[in-house]
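Structure record follows, encoded as structure tokens.
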Amino acid sequence: MTIRPRAAVILAAGQGTRMKSATAKPLHAVAGRAMLDWSLDLARSAGADRIVTIWGAHSPAVGDRAEAAGALAVLQDPPLGTGHAGRQAEAALKGFEGDVIVLYADTPLIRPETVEAVFAALDEAAVAVLGFEPDEPGGYGRLIESTPGQLDAIVEAKDASPAQRAVRLCNSGVIACRAEHLWGWLAKLTNDNAKGEYYLTDIVAMARAGGLDARVVRADEREVLGVNDRADLAAAEAAFQTRARADAMTAGVTLSAPETVFFSHDTELAADVVIEPHVVFGPGVSVAGGAVIRAFSHLEGAQVGAGCEVGPYARLRPGAVLEAGAKVGNFVEVKKSRLGEGAKANHLSYIGDSDVGAKANIGAGTITCNYDGFFKHRTVIGEGAFIGSNTSLVAPVEIGAGAMTGSGSVITGDVPGDALGLARARQETKPGWAARFRAAMSAKKTKAKE
Ligand code: UD1
Ligand code: MG
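FYI, in my numbering the residues of the sequence shown are 162 to 611.
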């Protein structure tokens, strides 16, 4: 295959009215990532070094986000169809010679290898179209082939004859061709059709009229699923999750109830990780080999080291780093904190803005009081320290290596290494007091009833 320079045009100017949302459709998320970011990432991983996003006047946030991600952003105002949208990229791609692919910002699940296949098809044809056979072809454009493999035209459902509508092979929206052809064809489009729009899809018939070939590359329906409303968004999410679960198992991860585990677009799980039922991964999580994530845990922005145990019912928030063999048990929340090798926080704790040394033991109910209402403060716990149950560590505070705190202490000052920090009222024991109290109270109650 010949490698020519590649560019991508991402169409994101449509109204997206069926989402019924104050947020532009391309900014709605699938697996924790905006659909626009899915397409920008796809374009990048397909080797496009020039990426142009077409946005609409109703959603400047789309253009802003594309630019923030390093792409060019061009306004299409008013939006007059996919062909008109494609044409808006011409000035931004001035001087570009190579292959151009058109992607939609509402079709998030296309794989890089599929885009690679579309580019590869341009070795033999002037236009390559990603097609699929949906269960219900409905409103999709139909791919009309004269002989198998030779695409003659794309006919929109609204413009199709009954015979054309019966064709099951449909247009996913992904179309690629050489830049040198594209601008010439787009300039010649008309809007003489059922929708009164400039259709990008008409370039196939133009290529054929010029004696050039057009090819279809086929994809699975689940991969090219387009999002138009909230039900489609949920379907895309479900399709992603199904794929992520299968990919994880293929990579050597044990999922005892795969259908109850939810991944993010970037979840990284090493081989021999075990995930129990009902675990949710937010963005930015990596888990090293041999770690076990027990049932009903929620992880986000966290790094879990080799052989760690997390949960059941644990919450790891952004900045949680568990080094090898650390344990975080039930109803423990960890945020912006490192737990050193073999450190344990097994029950009912909040560990925030902390550095916990290797092999330290955090007793049940320990809370790091990290926030004074204005600022966050850090807690440092040394190696092998033992924090007694129900200790409040009022940050900033440092507990030295090997030090201990007494259960129930409210620790406001540093505790040096190997020392005991005790900060609670001394116990008073009154023999017989409880029995006397009960007698007095029941006498009072009897009197009140008389
Ligand atoms: C389009 C295709 C159809 C294909 C279907 C796949 C055309 C003419 N039709 O139809 O063959 O089966 O997608 O989903 O191309 N957009 C703009 N500016 C515009 C119009 C659209 O940026 O002026 C963007 C939209 O934001 C969207 C994409 O282009 O991302 C597709 O537009 P849409 O109106 O949904 O096209 P369909 O009618 O679905
Ligand atoms: Mg559409």
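Don't be surprised by glycine CBs; every beta carbon is placed ideally from N, CA and C.
As the structure is a computational prediction, the values presented were derived from the model and not from experiment.
Beta-carbon spacing of residue i, residue j below 8 Å
i: A287; j: A370; result: no
i: I271; j: V191; result: no
i: R499; j: D514; result: no
i: I212; j: R205; result: yes
i: A337; j: V279; result: yes
i: Q176; j: H219; result: yes
i: A504; j: A485; result: no
i: V223; j: A185; result: yes
i: V261; j: L203; result: no
i: S568; j: G534; result: no
i: K356; j: M367; result: no
i: L291; j: V328; result: no
i: L394; j: H189; result: yes
i: I364; j: A266; result: no
i: T268; j: S333; result: yes
i: A340; j: L254; result: yes
i: L483; j: G466; result: yes
i: A481; j: K496; result: yes
Proximal residues to residue i (C-beta, below 6 Å), its chain only, five neighbours per side dropped
i: I436; result: L416, V422 and I454
i: V446; result: T428, L460 and A463
i: S425; result: A192, G193, F442, G443 and P444
i: P419; result: R406
i: G526; result: L509, S550 and N551
i: P273; result: S206 and A207
i: L613; result: Because residue 613 is not part of the residues shown, which for the chain are 162 to 611, the question remains open.
i: N352; result: E358 and Y359
i: N155; result: As shown, the chain starts at 162 and ends at 611. That puts residue 155 outside it, with no answer to give.
i: A227; result: T214 and A234
i: E251; result: W344
i: S458; result: V440, V471, G472 and A475
Contact test: residue i Cβ vs the ligand UD1 heavy atom, cutoff 7 Å
i: T243; result: yes
i: L350; result: no
i: Q325; result: no
i: S220; result: no
i: C331; result: yes
i: Q464; result: no
i: D238; result: no
i: E317; result: yes
i: T362; result: yes
i: Y265; result: yes
i: L347; result: no
i: A174; result: yes
i: A246; result: yes
i: Y532; result: no
i: G334; result: yes
i: G302; result: yes
i: S215; result: The amino acid at residue 215 is misidentified as Ser; the sequence shows Ile. Yes, the ligand UD1 has a heavy atom inside 7 Å of this Cβ.
Residue i beta carbon near the ligand MG (any heavy atom closer than 7 Å)
i: G387; result: yes
Residues near residue i by beta carbon distance below 7 Å, same chain, minus five either side
i: A400; result: L270, R383 and L386
i: A396; result: L386
i: G300; result: A318
i: P295; result: Y301, C331 and E382
i: R326; result: R303 and A318
Own chain partners of residue i with C-beta closer than 8 Å, once the 5 adjacent residues on each side are dropped
i: D670; result: In the structure as shown, the chain begins at 162 and stops at 611. Residue 670 is therefore absent and cannot be evaluated.
i: D210; result: P166, R167 and A168
i: A432; result: A412, G413, V414 and G450
i: A456; result: E437, P438, H439, V440, G472, P473 and Y474
i: P240; result: A174, G175, Q176, G217 and A246
Inset, instruction - Identify every run of the beta strand (DSSP E) within the segment 404 to 488, keeping only runs that are complete inside it and at least 3 residues long; order them along the chain. - result: 463 to 465 and 481 to 483
Legend entry - At least three beta-carbon pairs within less than 8 Å, the segment 189 to 199 to the segment 234 to 244: no
Inset, instruction - Would you check if the segment 305 to 313 and the segment 374 to 393 touch, i.e. whether three or more CB-CB distances between them fall below 8 Å? - result: yes
Legend entry - Inside the segment 221 to 249 only - beta strand (DSSP E) runs reaching at least 3 residues: 233 to 237
Legend entry - Unbroken stretches of the beta strand (DSSP E), 3 residues or longer, contained in the segment 521 to 601: 528 to 530, 540 to 542, 553 to 555 and 558 to 560
Legend entry - Sequence ranges, beta strand (DSSP E) only - wholly within the segment 240 to 318, length at least 3: 260 to 265, 288 to 293, 303 to 308 and 311 to 316
Legend entry - Inter-stretch contact (C-beta, 8 Å, three-pair minimum) for the segment 463 to 473 and the segment 484 to 495: yes
Inset, instruction - Would you mind listing the beta strand (DSSP E) stretches within the segment 167 to 198 that are 3+ residues and don't spill past its ends, in chain order? - result: 167 to 173
Inset, instruction - Tell me the start and end of each unbroken beta strand (DSSP E) in the segment 319 to 368 that is at least 3 residues and wholly inside, in chain order. - result: 331 to 339
Legend entry - Contiguous alpha helix (DSSP H) assignments of at least 4 residues, all confined to the segment 365 to 398: none
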